[in-house]
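Here the protein sequences come in this chain order: V and L. For the record, in the first sequence the residue sitting at position 26 is 25 according to numbering that gives the first Met the number 0, with numbers rising by one throughout. For the record, in the second sequence the residue sitting at position 201 is 200 according to numbering that gives the first Met the number 0, with numbers rising by one throughout.
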Amino acid sequence: MIDIANTKIDFLKSRIITFIFSSILVVLSFGAFFVSGLNFGIDFKGGTLIEIETENEIEIAGLRDNLNSLSLGDVQVQEFGSKNNLLIRVEQQSGGDQIQQNVVEIVKTSLNSYLSSEVNFRRTEVVGPKVSGELIQSGAIAILAAVFAMLIYIWFRFEWQFSLGAVVALIHDVILTIGVFSITQLEFNLPIIAAILTIVGYSMNDTVVVYDRVRENLRKHRSKNIIDLLNLSINETLSRTIVTSVTTLLALLSLFIFGGEVIKGFTFAMIWGVVVGTYSSIFVAAPLLNYLDVKREWNTTSAVDSTR
Amino acid sequence: MIYFSNIKISSILLVIFIALMFAIPNFFSKDQLNSFPNFIPKQQVNLGLDLQGGSHLLLEVDTVEIIKERLENLNSDVRRVLKKNNIQYSNFKNTDDNLKFVVEEFPTEIQKEISELSISNSQNILQMGDQTNLVISREENEVSISFTDEFVKLAVSNAVTQSLEIVRRRIDELGTREPSIQRQGSSRIIIQLPGIDDPDRIKALLGQTAKLTFQLVDTSTSYDPLNPKKAPVGSEILPSDADDSFKYIVKKRVMVGGENLVDAQPGFDPQTNEPIVSFRFDRLGASKFGRVTQQNVGKPFAIILDDTVISAPVIREAILGGSGQISGGFDSDEANDLAILLRAGALPAPLIILEERSVGPDLGADSIEAGQYAAIIGFVAVILFMMFVYRYFGFLADIALIINLFMVLGILSLFQATLTLPGIAGIILTIGMAVDANVLIFERVKEEIRSGSKMINAVENGYKRALSTILDANITTLIAAVILFFMASGPVRGFSITLAIGIFTSVFTAFTFTRLLISIYAKRLKPSLVGMKIND
């Protein structure tokens, strides 16, 4: 039986340390982003991706040399889930959208003659320069729009101090997610943008629950020290935070382990986001309220409503 | 006290029942479904191309080409006007978006005559009233003529509409299963082809504009490969389809065009047994064709497809019946495709493939299997965890979770929304997040019990206090889902759909179904049953 009740953990005691910790992570993320950048998939970089399956195991090095001799530029070959499954990526060809179409045919012909066994082409994706440029732009706009929408919503439902605190936590989460993709060099593609947007939603969800309690306690305990009040609010919502994070992580872990190779990157981003989002709600969003001078005099009608 | 009227109870159960009815077909095969009585819905979830296998193509109409071609037509008309009025001009040239030439003098009457040209020029395609479509400007001695922005916009829009229709006809001719062809934005076309994982033939068919023209061969000169010369004015040099080294010099004037064709069929020449395409003209085409062949007996007549001469047979006699045949060394598959292209008509401009995503049926099936597996395991893990933490309440939340999943599936089937691989991920994520509403409520209930409330009051107050938090928390996720829906396309969009549906169903079940169950048992519940230590 788990019963996380009446905890009295002093979360804000170490706020300077956690702020420094978060800042270091943010700086690291920026550093990794500017040094090694993101490993963009063909969605954003353009190019061709072919997933194949063969009956026998394939010797990757030989195949890689063979494909790299086709003068199609850089061709990457990697195992995808099993030894019989390979992912082939061909970089974008110069010369506009129409040219990209030839790549598939050249690679397919070459594979069929190089590999003795039957080749099953499981997936073919060709993204031209025009579309990849647009996708990266709309992805960036979507994330900014989501953060902005959250800012407005929280402002509307709470006060600007809450809105600012929540958005700082949100940007923290987004930067850390981009950072982990820069460091690990995992492929950054369209589903990762979807994951980041969901992280924005989830992290906000977590923050809102804590903030809701902070607001309620501000009405209830008018003379309480703000630090004690924030600690109380985090502790009161702690068991919910843990239970929901655990159920979400259980579902995501199952997806990560059993859901197949195609959405592994997406699931990884989500798992990371849930951990970071939960952390930031407790250690970034809530402590920030201490510095943002939140309003103590909430109107009495709603205060009566929530104090019995 | 929480009180549910009978009407309320029945409507909650009815909504759940309807959702279940729509979810059920997904657990049976199509054949099994057909044997069911008619009152059971038969619609299954619409699988995206990434799950059922198929091809997605994004095409763009080459809009630059449309304007370029219009300008080329204008070119000869403008020259004619200048010549007729004895205006000396030089440096006459076409660019992508205008015509330019240098003149000593350019009287306003001539300018007016040229601007009227555009009206007659456009009448058959565009109705723009008496307004001119041309912008004529003069800088010192250089005159430049371009189309107005409205005209360009209209010409592009018409070309895209026309292309859409022709693309549809070409794909229909191939007998593809349930293709979806849609316009996107101002100049793009999205084609979805379920069940086709190697769209080579379709790409080849769409890659040709299939502009067929009949033009006379310029016999005043002949092509010499060793000494290539510029073509005489009014003629052009075109490659030959059959012989790479040979080129034809043909007169630019189009005598008859493919737009006058009413039918084209593949066949075989009875004498040579060579594959051919026989065609038939409409009335106008037949009379033009008749006149040209009558006046040019003994001269070669070039049949040109997309700026390549297929053949240039010599006219032996006037062909007045309005039908003929094309032979040119192609095999029967090529003859078949050519007939399809001619029947469907020419594209007004070339199509450029911007994006292609094809998934084979194996990968789709594997993805579905992996998704189901992950969903079941994630589901069992969450159910056990909830029962471990909240005991009896956890059990109720689990029942709600099951109903929740059925509702998501039912709503997807009812609205025929498309389920994609990221969509399955969205459902699995929903399994994890859907319990949140119940968790928030249960935690509140526990707090109420701790502060001394009776079970019944604790439940009632718990619900009341959790409401605003639940709404705020879910609206934030919903905002993210909505933004994703509008920004994304294809599989990722499917994720935003299941995520959004999951948010609605989880809030709905928490406030109706679980609440109903709890209200029934609230009197009998003891704190230990909701996962609290007795001595709390």
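For each residue, glycine too, the CB sits at the ideal point set by N, CA and C.
Item to check | Residue span of the beta strand (DSSP E) that contains L:ALA301, given as start and end | outcome: 300 to 304
Checklist entry - Quick one: what's L:GLU235 bridged to in DSSP? => result L:VAL249
Checklist entry - What residues from the region 80 to 103 of chain V come within 7 Å of chain L, judged by C-beta to C-beta, listed N to C? => result ASP96, GLN97 and GLN100
Checklist entry - Of all the options L:ALA433, L:PHE35, L:ALA480 and L:SER114, which has the alpha carbon lying nearest to the alpha carbon of V:LEU249? => result L:ALA433
Checklist entry - Since L:TYR88 is in the beta strand (DSSP E), which residue starts that stretch and which ends it? => result 88 to 93
Checklist entry - By the criterion of Cβ-Cβ separation under 7 Å, what are the contact partners of L:GLY269 in chain V? => result In the sequence on display, residue 269 of chain L carries Pro and not Gly. Ordered by position in chain V, no residue passes the 7 Å Cβ test against L:PRO269, which lies about 37 Å from the chain.
Checklist entry - Assuming V:SER202 and V:SER280 make a contact with CB atoms under 8 Å, what is their CB distance in whole Å? => result 7 Å
Item to check | Interface residues of chain L facing V:TYR152 [CB-CB closer than 8 Å] | outcome: ILE474, THR475 and ILE478
Item to check | For V:THR266, the first and last residue of its enclosing alpha helix (DSSP H) | outcome: 263 to 279
Next on the checklist: Which same chain residues end up closer than 7 Å to L:ASP281 when comparing Cβ atoms and leaving out the 5 residues on each side of it in sequence?
Outcome noted: ASN259 and VAL261
Checklist entry - Taking V:LEU287 as the reference, which of V:LYS7, V:ASN119 and V:LYS12 has the closest Cα? => result V:LYS12
Next on the checklist: Distance check for V:PHE161 and V:ASN38, CA to CA, integer angstroms please.
Outcome noted: 35 Å
Item to check | Whole runs of the beta strand (DSSP E) within the region 312 to 389 of chain L, excluding any shorter than 3 residues | outcome: 322 to 325 and 350 to 358
Next on the checklist: I want to verify the contact list: residues of chain V whose CB lies under 7 Å from the CB of L:ARG356, in sequence order.
Outcome noted: GLU124
Checklist entry - Exposed or buried, which one is V:SER68 when buried takes at least 16 other CB atoms within 10 Å? => result exposed
Item to check | Same chain, Cβ closer than 8 Å to V:ASN84, neighbours up to 5 away in sequence not counted | outcome: GLU50, ILE51, GLU52, GLU78, ARG121 and GLU260
Checklist entry - Quick one: does V:ASP304 have its CB under 7 Å from some CB of chain L? => result Any reading at V:ASP304 needs caution, since the residue's pLDDT is 43, under 50, leaving its predicted position unreliable; the model's value is listed next. By this cut-off, V:ASP304 is not an interface position.
Item to check | DSSP beta-bridge partners of V:GLY46 | outcome: V:VAL126
Checklist entry - At a CB-CB cut-off below 7 Å, which residues of chain L make contact with V:THR108? => result Per Cβ cutoff of 7 Å: no residues; V:THR108 is ~11 Å from chain L at best.
Item to check | Residue of L:ASP217, L:MET406 and L:ILE275 minimising C-alpha distance to L:GLY327 | outcome: L:ILE275
Checklist entry - Does DSSP put L:LEU173 in a helix, a strand or coil? => result coil
Checklist entry - Quick one: does V:ASN111 have its CB under 7 Å from some CB of chain A? => result The structure shown contains no chain A; its protein chains are V and L.
Item to check | Interface flag, V:SER238 vs chain L, CB-CB below 7 Å | outcome: yes
Item to check | Between the CA atoms of L:VAL155 and L:GLN122 - distance to the nearest angstrom | outcome: Residue placement at L:GLN122 is poorly supported in this model, since its pLDDT is 41, which falls under 50; the coordinates still yield a value, given next. Going from the Cα of L:GLN122 to the Cα of L:VAL155 covers about 16 Å.
Item to check | Cβ neighbour criterion (16 or more within 10 Å) applied to L:ASN33 | outcome: exposed
Checklist entry - Going along chain L, which residues have a C-beta under 9 Å from V:GLU117? => result Neighbours of V:GLU117 on chain L: none; closest Cβ ~12 Å, over 9 Å.
Next on the checklist: Suppose contacts are defined by Cβ-Cβ distances below 7 Å. Is V:THR240 in contact with V:LEU251 by that definition?
Outcome noted: no
Item to check | Residues near V:LYS82 by beta carbon distance below 8 Å, same chain, minus five either side | outcome: GLU56 and ILE57
Next on the checklist: What does the alpha-carbon distance come out to for the pair V:THR247 and V:ILE270?
Outcome noted: 9 Å
Checklist entry - Which residues in chain L sit within 9 Å of V:LYS129, going by Cβ to Cβ distance? => result GLU59, ILE351, LEU353 and GLU354
Checklist entry - Roughly how many angstroms lie between the CA atoms of L:GLU333 and L:VAL308, to the nearest whole one? => result 15 Å
Checklist entry - DSSP beta-bridge partners for V:LEU86? => result V:GLU50 and V:GLN77
Next on the checklist: Between the alpha carbons of V:SER232 and V:ALA284, how many angstroms are there, rounded?
Outcome noted: 12 Å
Next on the checklist: Give me the DSSP bridge partner(s) of V:ASN38.
Outcome noted: V:GLU186
Item to check | Endpoints, beta strand (DSSP E) assigned at L:LEU192 | outcome: 187 to 193
Next on the checklist: Which residue marks the beginning of the beta strand (DSSP E) containing L:PHE278, and which one marks its end?
Outcome noted: 274 to 280
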